[in-house]
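Letter by letter, the sequence shown follows residues 20 to 172 in the numbering used here. Ideal Cβ placement from N, Cα and C applies to all residues, glycine included. Here is the structure we will look at, set down as structure tokens.
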Amino acid sequence: MTVAMQKLRQYCAYQERCHQETKYKCLELGLRGPEVEEALAELIADNFLNEERFAKAFAGGKFRIKQWGRKKILMELKQKQVSAYCIKKGMEEIDADDYAVVLLKLVEKKYLSLKGEQPIKRKYKTVQYLLQRGFETELINDALEQIAKNEAE
């Protein structure tokens, strides 16, 4: 158990991990049943594993670095079986003003890259692109209207 615990500690120290990822790592290392639960309990007790810290780092990082929208981040956290409380805490890492600025920048970049297209097709492709990135429909439409209005002037 000590070699496995050492590897798990290194695994968790390298970057923030959720409980699910760590469970899979335990199984990879050959731990089974109660050993897995004991290992997780020890990692949590030693503060190597903290799901709230993971959710905050994940949400903040995916937004700042990959510029994902809230919906996509939320779905990824749910897929990683992170608790609702931790998801809520993680989503608080995304500043509303920064979110609006990033969305506007992405809308502008995509919309302007489709200059040759017909207006309806151009708008449709921009919306699809941003929905794929996890942004909310209402916010996308507001940003698109703002860009279209600026372009018309």
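Own chain partners of Lys97 with C-beta closer than 8 Å, once the 5 adjacent residues on each side are dropped: Exclusion of the five residues before and after Lys97 leaves Ile106 as the residues of its chain whose Cβ lies within less than 8 Å of its Cβ.
Stretch pair the stretch 150-158 + the stretch 82-96: three plus CB contacts closer than 8 Å: Verdict: yes, contact present.
Neighbour flag for Leu131 against chain C, beta carbons, 9 Å: This model lacks chain C altogether; it includes just one protein chain.
C-beta contact flag for Phe77 and Ile113 at 9 Å: No, the Cβ-Cβ distance between Phe77 and Ile113 is not below 9 Å.
Assigned secondary structure, Leu50 (DSSP; H/G/I helix, E/B strand, else coil): It is coil, neither helix nor strand.
Any non-hydrogen atom of the ligand PLP closer than 8 Å to Gln39 Cβ: The ligand PLP is not among the ligands present in this structure, which contains no ligands whatsoever.
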